[in-house]
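From first to last, the protein sequence lines are chains F and G. Heads up: the first sequence at position 238 corresponds to 239 in my numbering, and the numbers run straight through without jumps. Heads up: the second sequence at position 6 corresponds to 386 in my numbering, and the numbers run straight through without jumps. Report on the structure given below.
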Amino acid sequence: MRYSVYHQTAYEYARDVLHAHHLLHLIPRPAPFQECLEHTISVNPATFRRRDEIDAFGNALTRIEVEHPHRRLEVVTQMNVDVHRRPKVFAGHSMPWEETCAELAYQGLSPRRENLEACRFRHESPYVRVKQEFTDYGAECFPPGRPILACADALMVKLHQDMKYAKGETTVRTPLREVLRNRRGVCQDFAHLMIACLRSRGLAARYVSGYLRVGSASSSASAPPPAIGGGASHAWVAVYTPPFGWLEFDPTNNVLVNTDHVAVAWGRDFGDVSPLHGVIVGGGAHELSVRVTVKPITQ
Amino acid sequence: MKSEAVSDKHAMTPEVATAACLGSYAPDERRYDELLDARAVRPHWRTLIERLTAGDAQDTARRALELTRRLIVENGVAYNVYSDPRGTDRPWDLDPLPLVLSQDEWRAIERGVAQRARALDALLADLYGSQRLLAEGLVPPELPFGHPNFLWPCHGLVPRGASWLHVYAADLARAPDGCWWLLADRTQAPSGAGYALENRDIVEQVLPEAMRDLGVRGVRDFFGEMRERLRSLFDDGADSLAVILTPGPFNETYFEHAYMARHLGLPLVEGSDLTVRNEIVYLKALGGLRRVHTILRRLDDDFCDPVELRSDSALGVPGLISAIRAQNVVIANALGTGVLESAAWLGFLPGIAERLLGESLQLPAVATWWCGEKPALDYVVANLDRLVVKPTYPNQHFEPVFGSDVEGEARAALIRRLLARPYAYVAQEHVALSQAPVWRPHGAPNFMARAFTIRVYAIATESGFRVLPGGLARVASEEAAEVVSAQRGGGSKDIWVLPDGEEEPVATGTHRLQVTIRPDDVPSRVVENLFWLGRYTVRCTDKARLLRSTVRVRADRNVWIHAVRICHAFGVITKDSQPSALVRDDREPHGVAADVKRIAWCASQVRSRLSARYWRAVVGLQRQVQDAVASREEPREALDRLALSLAALAGYAAEDMTHDEGWRLMRVGRRLERLQFTSGLLAQHLVAAAATHQGQVEWLLNVCHSISIYRARYFSAPRLGSALDLLVRDIHHPVALAFHCSSIARDLAELAASLEMSPDPGLEATIPEFTDSELLALEGEDAEAQAARQRLAATLRALHVASAQLSDRLSMRHFTHTGDSQSVAT
């Protein structure tokens, strides 16, 4: 599938912002099953300093510094991305979940490269606590000896059933334990909660930020089209599932990620890859608006 | 002060006196005793102990402890300096009897600590670089990746000079066999070196002769080298600027930050004093933005940059990491060095040192099992009784548990916890800490044995790590304590390292003179708070006087009405509040209680610039207001006491503070406030119908604290003309408007000269000139006199406005380089 993605973020400030530093994760990173053909970022006000880098997780990172007083900040990205169909994998061929844990734990030997890389995503991070209550919550999905892929799938189904998608009731600062207690939240909360359940058992899971095509008939014929997460940036989860490597799950929509998702960046949690965040001086109260459209392009 | 606290009376031979004194000193058989070896004083302690026990040993101890206590109070040494009088401003606890170590013993510690610092620096370079040790299996990925201080944004970032660890501290303890063991590494922003220096300053005054006779190795060179090092990390010629970054006055070790800043001659700054523009760090200073080259930080890793690290940190510097990455600034220690602060590393470090340095570690660490390895976990569960279980990561909510203390269900729960997440726990053997003598103020025995640990400091220099010959001994508060920590109320000691004939090369004259802070390096925030401290102090004083003078004319109905009307006009009394409410009600925004709160806030922001007695007076002031709020006494008395305390503040400011640019602006603040008040007051008075009445004029003179001087000078009942002569045009009367105007003009001129800035135009309004007959004419009751009073009032109002404008202009020019910052995210 080829998509054209348009993403606009605009801040309106009550007073002049005198100085601002922003970090942008808006350029799609290289990923298996996906290629970015072209992309542009435009920033308004037009006078700003920009530096492009690759962050510690391999994502494209753009730094912006605006030194002139401004009342409005607008960042628009446009991109064309090819997303390829993923091969079908069989749950029964994946490693039992306990063995996966053992594989990732320190053995006193030189670890395999993929395992070492996965270890980065196995621990507590600023937005994802590792707690016994997350282990307990997911317990029914992890019977002894079950293949990790089947476990992750069961966990996604459970989350989707238990949690209600509710916009505006949580913020990035809402503690995950509170999300678990209230069972309400947005895609970010779904993803963080699923990650917490996996990491609390010693498994590796990462947070993927990107876009979702919604509304039209899905390209993956078997599953119903994903419904939630359009109009804004979306988030889902990648789980380390040897021997298949990283497989992606969208707990908000209860689907395995295939050709409806466009990945932009991944990290330990939202904090590593939020599309745009920064610190401003001045500004007073502000209003934020975000617009995202994902359009398939017929080739 | 410099006199020896120790008596030199010789009643018996030293050996006999010592033996008598130590008769009841009871070492713990299961521990190493620093002082005694099988009931005999160890050779390196002998000279000191004999000296201290000659004569009346009890008296010696009492005098030494008394002098120590006094010096601590005088120097204002505190562990926690929160300004709230209800908070715990705990004075520093120092036992002046030092811990004595022989040079031989010290050499081994010195070598071991310096080597360990090298190994840790190399480990940091690997973790934040190629991560070879992880790939080779020498380091468990759980250690760095699970640690909250492993900062991913710093991975792949090479600091200028390619060194991570600049200041290092090791906590050591001596085991029963006499060997020193490493307990913990401090790699992030080690605290305590300033306290060690302060301890030395005090002990040097308490035991000057003993110190000189023993030839105790000095500690000041070390701090000189530290200063040099900070400068050399990024040498940009004469303009190189190094600063100390503190979380601020609410931090528990803020005293130390301020002390180090003073001692090293570096500006003490908070995150909001710094700004990053185009990947360069600047200090928002009195003279504008000043480039910063080196930052010695006392702020935790993850708080340092809200753009890339914790976005909820209001203490950091937005954009700091971009400046570090561009190698435009050096941070000591590098960001992310806190990752090594975990007991889990201890067992892996010997292998790491072998691999990275090709050396075996000389300083053994206390036996430690990281439960992430299956055999270690099994061992820990089987030997729980002998071990202490600790968290691997500093952000875990888990207090160390002595295995022998838990039984039954508690033990089962602990084991379940270990099995559920083994890599998050570490177990250590507990070391029976050695004991050293501490002085007792009363009763026998003269000395008591107390457990202690020592903290040893090292800094990176051009020629490797250099270790401070001395350090901080931390003493347990109870007799058999196993844990030593300042937060738990333990004490401290100075460490004396003795020479052994092999002279250390004495570094004399190698360091430059103390670098003084350039006038334009003072952070704007500090100066702004000094300015407002000056203003609020005067505002509170004036208000107290206005209320005091008004309360006393209550019996005279006409004067009372006049006075209350003017108080209303000033907002000092609102329609529904009585003068007394202004003293008592701390929710009243114009009340003196609110002003005192503001004074305390400003003072806490400039704590490092104030003398100890100034600070105590601020705390006392807050207490006074609280007492006044609680009591139902006459407001007059409360106001009198308040006026007295405020006058003391002004006196301490004049006598104790350096008369530099910050102080000058504080004085300008005081003068502007007084100018504003007096000109406003006179203008109000002049337009009132009863302006010329004797009672009202007397009230006015009282408010302006000028009644006595008036009487002495004019020998007459108060009259308006003479009062204005005194309050407006007398350039020598420190209440008069003319006095304030000329003083402000002088200060601004000097400020401009020292900052090399163009001078401010100053007050854009002038004091009216009048002849004596014009003054007299103001006293009339006819229309012409009334019109003259109106004209004068208008001029005074213009002066009032001009002083407010000048205040704003000074803010723009010297303080407001940027506003407050906030975090935004999508």
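Don't be surprised by glycine CBs; every beta carbon is placed ideally from N, CA and C. What you are looking at is a predicted structure, and each value in this text was computed from that prediction instead of being measured.
8 Å CB neighbourhood of residue i in its chain, flanking five on each side removed
| i | result |
| --- | --- |
| residue 1054 of chain G | 918, 922, 1115, 1120 |
| residue 606 of chain G | 547, 644, 839 |
| residue 416 of chain G | 402, 405, 407, 422 |
| residue 452 of chain G | 471, 472, 474, 582 |
| residue 194 of chain F | 135, 160, 164, 177, 180, 181, 186, 252 |
| residue 982 of chain G | 909, 910, 912, 913, 916 |
| residue 1203 of chain G | 686, 691, 692 |
Residues near residue i in its chain [Cβ-Cβ closer than 6 Å; skip 5 each side]
| i | result |
| --- | --- |
| residue 889 of chain G | Since pLDDT at residue 889 of chain G reaches only 36, below the 50 mark, its modelled position is unreliable, and no value is offered. |
| residue 385 of chain G | Only weak support is given to the placement of residue 385 of chain G: the predicted model assigns it a pLDDT of 45, under 50, and the value that follows is read from those uncertain coordinates. Around residue 385 of chain G: 443, 444, 447, 586. |
| residue 155 of chain F | 142 |
| residue 520 of chain G | 752 |
| residue 1078 of chain G | 1098 |
| residue 831 of chain G | 813, 815, 856, 861 |
| residue 699 of chain G | 656, 687 |
7 Å CB neighbourhood of residue i in its chain, flanking five on each side removed
| i | result |
| --- | --- |
| residue 512 of chain G | 506 |
| residue 638 of chain G | 648, 987, 988 |
| residue 891 of chain G | Residue placement at residue 891 of chain G cannot be trusted, given a pLDDT of 42 that sits under 50; the coordinates are not used to answer. |
| residue 381 of chain G | Any reading at residue 381 of chain G must be qualified, since the residue scores a pLDDT of 39, below 50, and its modelled position is unreliable; no value is offered. |
| residue 930 of chain G | 943, 944, 947, 959 |
| residue 1022 of chain G | 924, 972, 1004 |
Residue i and residue j closer than 7 Å at C-beta
| i | j | result |
| --- | --- | --- |
| residue 571 of chain G | residue 633 of chain G | yes |
| residue 986 of chain G | residue 906 of chain G | yes |
| residue 266 of chain F | residue 238 of chain F | no |
| residue 553 of chain G | residue 833 of chain G | yes |
| residue 250 of chain F | residue 153 of chain F | yes |
| residue 1211 of chain G | residue 526 of chain G | Chain G is shown from 381 up to 1206; residue 1211 of chain G falls before or after that span and cannot be answered. |
| residue 816 of chain G | residue 414 of chain G | yes |
| residue 621 of chain G | residue 541 of chain G | no |
| residue 268 of chain F | residue 212 of chain F | no |
| residue 855 of chain G | residue 871 of chain G | yes |
| residue 276 of chain F | residue 26 of chain F | yes |
| residue 636 of chain G | residue 706 of chain G | no |
| residue 537 of chain G | residue 551 of chain G | no |
| residue 732 of chain G | residue 503 of chain G | yes |
| residue 768 of chain G | residue 782 of chain G | yes |
| residue 561 of chain G | residue 849 of chain G | no |
Quiz item: Taking Cβ-Cβ distances below 7 Å as the criterion, which residues of the region 12-36 of chain F are in contact with chain G?
Solution: 12, 19, 20, 22, 24
Exercise. Would you list, in chain order, the members of the region 108-132 of chain F that have their beta-carbon closer than 8 Å to a beta-carbon of chain G?
Key: 108, 109, 110, 111, 112, 114, 117, 120, 121, 123, 124, 125, 127, 131
Practice problem: Scan the region 517-582 of chain G and note each continuous alpha helix (DSSP H) run of 4 residues or more that stays entirely inside, going in chain order. | Solution: 522-525
Quiz item: Which residues, taken in chain order from the region 685-717 of chain G, show a beta carbon closer than 8 Å to some beta carbon of chain F?
Solution: 686, 687, 688, 690, 691, 692, 698, 699, 702
Quiz item: In chain order, what residues of the region 511-541 of chain G put their CB closer than 7 Å to some CB of chain F?
Solution: 514, 515, 516, 517, 520, 521, 522, 525, 526, 532, 533, 535, 536
Self-check item: Ordered list of beta strand (DSSP E) runs contained in the region 806-840 of chain G, each at least 3 residues
Solution: 815-819
Quiz item: Taking Cβ-Cβ distances below 8 Å as the criterion, which residues of the region 273-296 of chain F are in contact with chain G?
Solution: 273, 275, 276, 277, 278, 279, 280, 281, 282, 283, 284, 287, 289, 291
Quiz prompt | Positions along the region 146-180 of chain F whose CB lies within less than 7 Å of some CB in chain G | solution = In summary, the residues of the region 146-180 of chain F whose CB is separated from some CB of chain G by less than 7 Å are 173, in the order they occur in the chain.
Quiz prompt | Ordered list of alpha helix (DSSP H) runs contained in the region 651-739 of chain G, each at least 4 residues | solution = 700-705, 729-737
Quiz item: Quick one: any contact between the region 676-688 of chain G and the region 697-714 of chain G, if contact means 3 or more CB pairs under 8 Å?
Solution: Yes, the region 676-688 of chain G is in contact with the region 697-714 of chain G.
Self-check item: Contact the region 237-251 of chain F vs the region 1167-1174 of chain G: 3+ CB pairs below 8 Å
Solution: Touching, no.
Quiz item: Which ranges does the alpha helix (DSSP H) cover as unbroken runs of at least 4 residues, wholly within the region 775-803 of chain G, from first to last along the chain?
Solution: 788-800
Quiz item: For the 8 Å Cβ check, are there 3 or more pairs between the region 70-84 of chain F and the region 168-176 of chain F?
Solution: No, because fewer than three Cβ pairs between the region 70-84 of chain F and the region 168-176 of chain F fall closer than 8 Å, the two stretches do not touch.
Exercise. For the region 671-684 of chain G, enumerate the residues whose C-beta is nearer than 9 Å to any C-beta of chain F, in chain order.
Key: Residues of the region 671-684 of chain G with a C-beta atom less than 9 Å from some C-beta of chain F are 682, listed in chain order.
Exercise. Report yes or no: do three or more beta-carbon pairs, one from the region 533-552 of chain G and one from the region 727-734 of chain G, lie closer than 8 Å?
Key: no
Exercise. May I have a chain-ordered list of the alpha helix (DSSP H) segments no shorter than 4 residues that lie completely inside the region 907-958 of chain G?
Key: 937-949
Quiz prompt | Ranges of the alpha helix (DSSP H) found wholly within the region 1060-1140 of chain G, counting only runs of at least 4 | solution = 1074-1083, 1087-1094, 1100-1104, 1117-1135
Self-check item: Cβ contact check for the region 122-139 of chain F and the region 182-200 of chain F: 3 or more pairs under 8 Å
Solution: yes
Exercise. Could you please tell me which residues of the region 1151-1165 of chain G, in chain order, have their CB closer than 7 Å to any CB of chain F?
Key: none
Self-check item: Near-chain G residues of the region 42-67 of chain F - C-beta to any C-beta below 8 Å
Solution: Answer set for the region 42-67 of chain F: 50, 52, 56, 57, 58, 64, 66.
Quiz item: So does the region 1052-1067 of chain G actually touch the region 1094-1113 of chain G, counting three or more Cβ pairs closer than 8 Å?
Solution: yes
Practice problem: Could you say if the region 687-699 of chain G and the region 475-495 of chain G meet the contact criterion of at least three C-beta pairs nearer than 8 Å? | Solution: Judged by Cβ distances under 8 Å, the region 687-699 of chain G makes no contact with the region 475-495 of chain G, as fewer than three pairs qualify.
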